[in-house]
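Residue numbers (this note's numbering), protein chains in the order written: chain A, 1 to 291; chain B, 1 to 560.
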C-alpha cells in the first residue's frame with residue numbers, strides 16, 4: 001500500500017496544475033484562518049460617518065482600505081477575509097454531510113446489491129430528478145421559514161442534503177467492482193462479518209475516490225453557497241459571505257464595481273483552486289483516467 | 001498543462017477589467033428644451049412603473065400604481081393645487097374642481113356643494129349631483145371597497161356598510177347642481193376625503209351596462225380618458241375633449257409602461273425612451289446627482305410619509321418607555337439619511353414636515369448613545385438585550401436594517417435581522433403576537449394629521465388581526481385628544497390639540513422616529529410643468545412638452 005501511495009504523491013507533485021491548486025487552496029485557508037489578524041476592521045461594523053462619501057456612496061480602493069468600502073462603509077477586505085472562513089466552513093460542513101450520507105448509502109447499496117440496492121438507487125434517482133439548484137432553493141427557503149436552524153446551518157444542511165446523491169452513486173459503483181475482488185471474497189470465506197468487510201476492506205479502498213469527490217464537491221459547494229446567498233437564502237445579514245457581498249453589491253456595478261469584482265474574483269479563485277486540486281488528486285490516484 | 005495557462009490568462013483578464021472599470025460618469029442629457037415662451041399643446045408623455053396597474057375601478061383602486069391612472073381619469077369635487085418644486089409644501093391646498101363652491105354649516109356637520117356649470121363625463125353626458133350620490137353609496141355598499149371607513153362620519157353610512165340600507169341618509173342630491181352631506185359629528189378632514197379619487201361621480205347606467213368590465217372601462221370626468229390598457233404591459237391615455245377646464249390638459253396623451261424594473265427604466269430614460277423616471281436605484285441616483293448637467297432636472301417633493309421602527313409596546317423589553325426612548329437616542333438619523341443618499345429628512349414623530357398640526361418646535365431625538373445606555377440601565381438592561389428586527393427583503397431595506405443594527409450594537413442592543421416579503425410582513429405585524437420589532441411606514445392619503453394619527457395610534461385600531469395600530473399602544477389620554485382633534489372645527493384649537501398629541505407620542509416613543517422620505521424624480525429637459533405631487537405623486541394636467549413644432553424632441557448639442 002505504501003508503495004502505491006508514494007507513487008500517487010509523486011504523480012501529484014509532477015502535476016503543475018495540482019500544485020497551483022494546492023497553493024491557492026493553502027492561500028485561501030491561510031486568509032480564512034488569519035482573518036482576525038490580517039482582516040483589519042470588524043467585518044460587520046458599519047462606518048457610515050467615514051466609510052462613505054457625503055452622498056452615501058461607497059469609497060473606492062484607497063490607502064486606508066485597499067479594496068474599498070461597501071454600501072455601509074464596511075471594509076471590503078475585512079469582509080472578504082472573514083467571508084473566506086464562512087465559505088470554507090459551509091463548504092466543509094456540507095461536504096461532510098454529503099460524504100457521510102453518500103458513503104453509507106453507497107457502501108450499503110453496492111455491497112448488499114439486490115432489492116436493497118435497487119430501492120436505494122431509485123431514491124437517489126428521485127433526488128436527481130430535481131434540478132440541483134431548484135431543490136436547494138426550496139429546501140433552504142423551507143428551513144429558513146420553519147426557523148429550525150439559524151445562521152449558516154440552513155445553508156450547509158441544504159447543500160449536504162441535495163448533493164449526497166452523486167457521492168452515493170460513485171461509491172456504489174466502486175464497491176460493486178470491489179466486492180467481487182479476491183481479497184473481499186477471501187475475507188468473506190474466512191467468515192468476516194459484513195460490518196468488518198465494509199469497514200476494514202471496502203472503506204479503505206474507496207478512500208481515493210472519496211478524497212477526489214470531496215475536493216471537487218468542495219468547489220461546487222462554495223459556488224452553491226454563493227448562489228444561495230445571492231438569492232437571499234444564505235446566512236442573514238450582516239454575515240460577510242461572498243455570495244451576499246455579490247448580492248448586496250450588484251446594483252452598484254457601474255458606480256462601485258469593486259463591490260462585485262472583489263467577491264466575484266474571490267469565488268472564482270477558490271473554485272478554480274479546488275477544481276485544480278481535485279483534478280490533480282484524481283490523476284494521482286487513478287492514472288488511467290488521465291487526459 | 002495548457003488549461004493552466006488558459007485559467008491564468010482569464011484571471012489576468014478579469015483583474016485587468018476590474019482595474020479598468022473606474023466609475024463612469026453619467027452622460028449629460030441627450031435632449032434639450034426647444035425654448036417656447038409658454039405652454040404648448042400636444043405631445044405624449046411617456047413613463048414607466050416597476051409594478052402593474054391592478055384596477056381602474058375608483059371604488060377599489062387604493063395602491064399607488066393604480067392611482068397613477070385612476071387620478072387623471074376621475075375628477076372630484078375638490079382637487080389639489082399643482083405642486084411647485086420651488087415652493088416648500090406646495091400642492092397641499094384644496095381648490096375647487098367639479099364643485100364651483102361649497103359651504104360648511106357653523107356646527108361643522110353640513111357640507112353643501114354647488115357643482116360647476118356644464119360639467120360632463122368624457123362621453124359628453126352631463127354630470128349631476130345624483131352621480132356623486134350613486135358613486136359614494138356604491139363605495140359604501142361594496143364590501144371589497146377599502147374606502148367605506150373614510151365616510152364613517154356621514155349620517156347613515158354605517159347602515160349602508162352593514163347592508164341594512166341602500167340609501168345613505170347623509171348624502172343628498174338636492175337638485176342636479178346641489179349636493180349635501182350631513183355628518184353625525186364634525187370631521188375636520190372631511191373635505192380631504194372628498195378629494196380622494198373614490199369620491200368621483202359615476203353614471204349608474206354606464207356602471208350597470210359594463211358590469212365586471214368596470215375595472216377596465218372607466219367613464220370619468222378627469223383631464224384624460226383611457227384608450228388602451230394591455231394589462232401588465234401598458235396603459236394609454238388621451239386628452240378628454242370634454243374636460244371642464246378647456247385650457248387643460250396641454251398633453252395629447254400619456255403612455256404608461258407597466259412592470260419595467262427600476263434599473264431598466266433608468267436605462268430607457270437615458271436612451272430617451274422615457275420622459276420621466278422615478279424611484280432611481282441608489283447607485284444611479286448618486287451618479288445622476290453628481291452630474292451637474294442633470295441638476296436642474298432632478299425634482300423633489302415634500303416627504304408626505306413616515307418611516308421608522310415600530311415596537312409592540314406590550315411586549316418586553318419594548319413595554320418600558322425608557323427602552324423605547326433609549327432606542328430613539330441610539331439611532332442616528334444622520335446615518336439613515338446618508339444611507340438614503342440624502343433623500344430624506346429626520347423625523348421627530350409621525351407627522352411629515354408641512355403637515356397641519358405638526359409641532360415644528362420639536363426636534364428629532366438627538367443621537368446620544370450615552371443617554372441611551374443610561375436609559376437602558378435604568379430600565380434594567382445595563383448590558384443591553386438581544387432582539388429580532390423584521391425588515392422587507394429588498395436591497396435598500398436590508399442596507400438600512402444593517403445600519404440600524406450597527407447603531408444599536410453600540411449601546412449593547414444585539415439585533416438579528418429577519419427578512420420578510422411585503423405580504424408576509426403586513427399580516428405578521430398586524431397581530432399582537434407577531435414580531436415585536438420591525439420596520440414601519442405610512443403613506444399619506446390626504447394632508448390631514450388625522451390620516452396619520454387616528455389610524456396608527458388610536459386604541460380603537462387595535463385588533464387581533466390586521467391591526468393598523470400595530471404598536472398596540474393604548475392610552476386613554478391620547479384617545480381623548482385624538483377624538484377631540486378629529487371633530488374640532490377651529491383650526492387654531494385643532495392645531496393645539498395635535499401639538500399636544502405630537503409631544504405625547506414623542507415622549508412615549510411607540511416607534512423609533514426615523515425619517516420622512518423625499519419623492520425624487522428626474523425629467524428630460526423638455527418636460528415642463530411637471531413636478532412630483534405630495535398627494536398624488538403624479539399629475540399631468542399642467543404638464544407640457546417644450547419640443548419642436550412637429551413634436552420632435554430636440555437633441556442637445558454634442559458635448560465639446
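C-beta atoms are modelled at their ideal positions from N, C-alpha and C, and glycine is treated no differently.
Where residue i sits in the DSSP three-state scheme
i                      : result
residue 362 of chain B : coil
residue 242 of chain A : helix
residue 38 of chain A  : helix
residue 441 of chain B : strand
residue 561 of chain B : Only positions 1 to 560 of chain B appear in this structure, which leaves residue 561 of chain B out of reach.
residue 68 of chain A  : coil
residue 27 of chain B  : coil
residue 369 of chain B : helix
residue 55 of chain A  : coil
residue 80 of chain B  : strand
residue 294 of chain B : helix
Chain-order list of residues whose beta-carbon lies under 7 Å from that of residue i (same chain, five-residue window excluded)
i                      : result
residue 212 of chain A : 278, 281, 282, 285
residue 1 of chain B   : The predicted model places residue 1 of chain B with a pLDDT of 47, which falls under 50 and marks its position as unreliable, so this point remains unresolved.
residue 293 of chain B : 28, 29
residue 130 of chain B : 173
residue 354 of chain B : 88, 89, 92, 302
residue 216 of chain B : 56, 229
For residue i, the first and last residue of its enclosing beta strand (DSSP E)
i                      : result
residue 256 of chain B : 253-257
residue 113 of chain B : 110-115
residue 536 of chain B : That residue, residue 536 of chain B, is in no beta strand (DSSP E); it is neither H nor E in DSSP.
residue 100 of chain B : 99-104
residue 301 of chain B : 298-301
residue 178 of chain B : 178-182
Alpha carbon of residue i to alpha carbon of residue j, nearest angstrom
i                      : j                      : result
residue 291 of chain A : residue 83 of chain A  : Because the pLDDT at residue 291 of chain A is just 40, under 50, the model does not fix this residue reliably, and the point stays unresolved.
residue 253 of chain A : residue 26 of chain B  : 14 Å
residue 235 of chain B : residue 263 of chain B : 20 Å
residue 228 of chain A : residue 183 of chain B : 57 Å
residue 99 of chain B  : residue 535 of chain B : 19 Å
residue 334 of chain B : residue 346 of chain B : 8 Å
residue 272 of chain B : residue 191 of chain B : 40 Å
residue 174 of chain A : residue 117 of chain A : 14 Å
residue 274 of chain B : residue 49 of chain B  : 11 Å
residue 276 of chain B : residue 287 of chain B : 17 Å
residue 519 of chain B : residue 34 of chain A  : 46 Å
residue 455 of chain B : residue 79 of chain B  : 23 Å
residue 10 of chain A  : residue 16 of chain A  : 12 Å
residue 151 of chain A : residue 127 of chain A : 25 Å
residue 603 of chain B : residue 368 of chain B : With chain B represented from 1 up to 560, any question about residue 603 of chain B goes unanswered, as that position is not in the structure.
residue 201 of chain A : residue 153 of chain A : 34 Å
residue 236 of chain A : residue 322 of chain B : 29 Å
residue 151 of chain B : residue 67 of chain A  : 58 Å
residue 13 of chain A  : residue 31 of chain A  : 24 Å
residue 632 of chain B : residue 238 of chain A : Beyond the ends of chain B as shown, which are 1 and 560, falls residue 632 of chain B; an answer cannot be given.
Residues near residue i in its chain [Cβ-Cβ closer than 8 Å; skip 5 each side]
i                      : result
residue 99 of chain A  : 164, 167, 210, 213, 214, 217
residue 561 of chain B : Since the first and last residues shown for chain B are 1 and 560, residue 561 of chain B lies out of range.
residue 314 of chain B : 432, 472
residue 42 of chain A  : 78
residue 188 of chain A : 197
Residue range of the alpha helix (DSSP H) that includes residue i
i                      : result
residue 164 of chain A : 153-178
residue 451 of chain B : 449-457
residue 268 of chain B : 262-270
Cutoff 6 Å; reference residue i; Cβ partners in own chain excluding five residues on either side
i                      : result
residue 561 of chain B : Outside the displayed range of chain B (1 to 560) lies residue 561 of chain B, so it cannot be described from this structure.
residue 51 of chain B  : 65
residue 36 of chain B  : 546
residue 82 of chain B  : 542
Would you call the region 202-218 of chain B in contact with the region 503-521 of chain B, where contact means no fewer than 3 C-beta pairs closer than 8 Å? Result no; under three Cβ-Cβ pairs closer than 8 Å.
Count Cβ pairs between the region 193-210 of chain A and the region 235-249 of chain A that sit closer than 8 Å; are there 3 or more? Contact between the region 193-210 of chain A and the region 235-249 of chain A is not established, with fewer than three Cβ pairs separated by less than 8 Å.
Three CB pairs or more closer than 8 Å across the region 135-148 of chain B and the region 190-200 of chain B: Under the Cβ criterion (8 Å, minimum of three pairs), the region 135-148 of chain B counts as touching the region 190-200 of chain B.
Using 8 Å as the cut-off, can you tell me whether the region 63-71 of chain A makes contact with the region 18-31 of chain A, which would need three or more C-beta pairs spanning the two stretches below that distance? In short, these stretches do not touch, since the Cβ pair count stays below three.
Is it a yes or a no for the region 68-76 of chain A touching the region 44-56 of chain A, going by three-plus beta-carbon pairs under 8 Å? Output reads yes: the region 44-56 of chain A touches the region 68-76 of chain A.
May I ask you to verify whether the region 154-162 of chain A touches the region 134-142 of chain A, counting CB pairs closer than 8 Å and requiring at least 3? In short, these stretches touch, since the Cβ pair count reaches three.
At least 3 beta-carbon pairs within less than 8 Å: the region 154-168 of chain B vs the region 113-124 of chain B: The region 154-168 of chain B vs the region 113-124 of chain B: no contact.
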